[in-house]
DNA sequence: CTGGATTAGTTTCAAATGTAACTATCATGC
DNA sequence: GCATGATAGTTACATTTGAAACTAATCCAG
């Protein structure tokens, strides 16, 4: 009796597994800064990008955190209103609006970073340092391959 | 001069990396069945779950594909309207509404599965089979750990 | 039995998101 | 130097999504 040539078990299907894992991790992390600091995922990512590489324009932020410019624009609007980031006028090109963390934003950033790193550390806890490197490396390759396959 | 004790580089931050990788893969896969078959991600996952384990109630589907019942309910409504799935009345408990693929749904499922598996295969292409197993195993551990950490 | 608590699933309303159109500024070719 | 097109960012509208309220059916304690 001919068995089906191909079967798809969601549980073992890589794209599905990646999706579920990423979602679970993302939600856990979200709990760290959503409640206490009132940030959305995108807002936090914008702050993280600026924390490391300010000043950046909205476009540069978008490229860095892989978000379209509308999403970035909205996150930036929210952060500006709360005074967590500031615009630095660019005299040579007034279309550009470079951004950086405000003093208040730096303080918040400084509080969240240790929480985020601690969460990452706990997540990695079951893995040896070789295994961590291995996972990172393999994830990199998958990412490169996925980009390659993107039509 | 005291350097900051902790720094967070988004590019090397595991939750962020997982999120970006999963999103890229998910979008690529989405292209395979959204255009040609007009399915949303959730709809496809519902069909995939039913393809392997029907009959399942909406709740059971939700547990399997890690989706809340509202999302499942909406996906199911869309699939029912298109005649891709059917309800099997449950005489012993009329609250429950077990679902299964219709003939038409099975046909579509049978067309999508090979496409999905082929994509997965191409994604894995740069990895040896040991590396695949390794990645899967490490991802499993991370997932278990993430569940553990979930408050 | 029967009234309150549970469970399955749907609907509703508000918030988040994506696409496309829009404004403002700058770069370029003639 | 000025029309055309490109770029940065915002706004508007339609769709999707999420949280909570709701309906219907079942379970269970007394």
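Protein chains in written order, with the working numbering: chain A, 1 to 151; chain B, 1001 to 1151. The beta-carbon is built from N, C-alpha and C at its ideal position, and this holds for glycine as well.
| message | DSSP three-state label for residue 1008 (chain B), please. | response | As a working note, residue 1008 (chain B) is residue 8 in the second chain. Coil at residue 1008 (chain B), not helix or strand.
| In chain order, what residues of the same chain have a beta carbon less than 8 Å from the beta carbon of residue 1076 (chain B), not counting five sequence neighbours either side? | The sequence position of residue 1076 (chain B) within the second chain is 76, counting from 1. Same-chain partners within the cutoff: 1046, 1058, 1061, 1085, 1099.
| Is the stretch 1031–1043 of chain B touching the stretch 1090–1099 of chain B, taking contact as three or more C-beta pairs under 8 Å? | no
| said: Which residue wins for smallest C-alpha separation from residue 65 (chain A), given the options A:48, A:15, A:81? | reply: As a first step, residue 65 (chain A) is located in the first chain; it is residue number 65 there, counting from the start. Closest option to residue 65 (chain A), Cα to Cα, is A:48.
| request: Could you spell out where the alpha helix (DSSP H) holding residue 101 (chain A) opens and where it closes? | output: Counting from one through the first chain, the residue named residue 101 (chain A) turns up at place 101. That residue, residue 101 (chain A), is in no alpha helix (DSSP H); its beta strand (DSSP E) goes 99–101.
| query | Cα-Cα, which of B:1010, B:1025, B:1054 is closest to residue 1117 (chain B)? | reply | Sequence index remark: in the second chain, residue 1117 (chain B) carries index 117 (1-based). Ranking B:1010, B:1025, B:1054 by Cα distance to residue 1117 (chain B) puts B:1025 first.
| request: Could you work out which residues of chain B lie near residue 126 (chain A), taking near to mean beta carbons separated by less than 7 Å? | output: The residue given as residue 126 (chain A) occupies position 126 in the first chain. Near residue 126 (chain A) (Cβ distances below 7 Å), the residues of chain B are 1141, 1145.
| If you run the structure through DSSP and keep just helix, strand and coil, what is residue 86 (chain A)? | Against the first chain, residue 86 (chain A) aligns to sequence position 86. Residue state, collapsed to three classes: strand.
| CB-CB under 8 Å to residue 1068 (chain B), same chain, minus the five flanking residues each way: which ones, in chain order? | Here residue 1068 (chain B) is taken as the residue at index 68 of the second chain, counted from 1. So the qualifying residues of the chain are 1062.
| said: For residue 1015 (chain B), count the other beta carbons within 10 Å of its own beta carbon; 16 or more makes it buried, fewer makes it exposed. Which is it? | reply: Position 15 of the second chain, counted from the first residue, corresponds to residue 1015 (chain B). With 16 or more Cβ atoms within 10 Å of its Cβ, residue 1015 (chain B) is classed as buried.
| message | Can you check whether the C-beta of residue 116 (chain A) is within less than 7 Å of a C-beta belonging to chain B? | response | Here the question's residue 116 (chain A) lines up with position 116 in the first chain. Chain B, which has a Cβ nearer than 7 Å to the Cβ of residue 116 (chain A), makes this yes.
| request: Using a Cβ-Cβ cut-off of less than 9 Å, list which residues of the stretch 1012–1025 of chain B approach chain A; keep chain order. | output: 1012, 1013, 1014, 1015, 1016, 1017, 1018, 1019, 1020, 1021, 1022, 1023, 1024, 1025
| When you compare each of B:1128, B:1148, B:1101, B:1102 to residue 122 (chain A) by their alpha carbons, which one comes out closest? | The residue you call residue 122 (chain A) lines up with position 122 of the first chain. Out of B:1128, B:1148, B:1101, B:1102, B:1148 has the C-alpha closest to the C-alpha of residue 122 (chain A).
| field | Residue range of the alpha helix (DSSP H) that includes residue 53 (chain A) | value | Your numbering for residue 53 (chain A) matches position 53 in the first chain. It spans 41–53 - the alpha helix (DSSP H) in which residue 53 (chain A) sits, taken as one unbroken run.
| request: Could you tell me if residue 19 (chain A) is buried or exposed, where buried requires 16 or more neighbouring beta carbons within 10 angstroms of its beta carbon? | output: What you label residue 19 (chain A) is simply residue 19 of the first chain in a count that begins at 1. By the 10 Å Cβ count, residue 19 (chain A) comes out buried.
| request: Give the interface partners of residue 37 (chain A) over in chain B, defined as CB-CB distance under 9 Å, in chain order. | output: Within the first chain, numbered from 1, the residue matching residue 37 (chain A) stands at position 37. Those within 9 Å of residue 37 (chain A) in chain B number zero; the least Cβ separation is about 15 Å.
| request: State buried or exposed for residue 2 (chain A), treating a residue as buried only when at least 16 other CB atoms are found within 10 Å of its CB. | output: For the purposes of this step, residue 2 (chain A) is taken as the residue at position 2 of the first chain. Note that residue 2 (chain A) scores 48 on pLDDT, short of 50, meaning its location in the model is unreliable; the coordinates nonetheless yield the value given after this. Exposed, because fewer than 16 other Cβ atoms sit within 10 Å of the Cβ of residue 2 (chain A).
| said: By the DSSP assignment, the alpha helix (DSSP H) with residue 1013 (chain B) in it spans what residues? | reply: What you label residue 1013 (chain B) is simply residue 13 of the second chain in a count that begins at 1. Where residue 1013 (chain B) is concerned, there is no enclosing alpha helix (DSSP H), given that its DSSP letter is neither H nor E.
| request: With 8 Å as the limit, tell me which residues of the stretch 32–57 of chain A have their beta carbon closer than that to any beta carbon of chain B; keep them in chain order. | output: 45, 48, 49, 51, 52
| Beta-bridge pairing of residue 56 (chain A) - partner residues as DSSP gives them | As a first step, residue 56 (chain A) is located in the first chain; it is residue number 56 there, counting from the start. Residue 56 (chain A) pairs with A:99.
| said: According to DSSP, is residue 1067 (chain B) part of a helix, a strand, or is it coil? | reply: For the purposes of this step, residue 1067 (chain B) is identified with residue 67 of the second chain, where counting begins at 1. DSSP places residue 1067 (chain B) in coil when its eight states are reduced to three.
| query | Is there a Cβ from chain A that is less than 7 Å from the Cβ of residue 1002 (chain B)? | reply | Your numbering for residue 1002 (chain B) matches position 2 in the second chain. Caution is warranted here: a pLDDT of 48 is assigned to residue 1002 (chain B), below 50, making its placement in the model unreliable, and no coordinate value can be reported.
| task | Could you check what DSSP says for residue 1091 (chain B) in three-state terms: helix, strand or coil? | result | Locating residue 1091 (chain B) in the second chain gives position 91, where the first residue counts as 1. If DSSP states are grouped into helix, strand and coil, residue 1091 (chain B) belongs with coil.
| task | Output the boundary residues of the alpha helix (DSSP H) element that contains residue 132 (chain A). | result | Along the first chain, one-based indexing puts residue 132 (chain A) at 132. First-last of the alpha helix (DSSP H) with residue 132 (chain A): 129–149.
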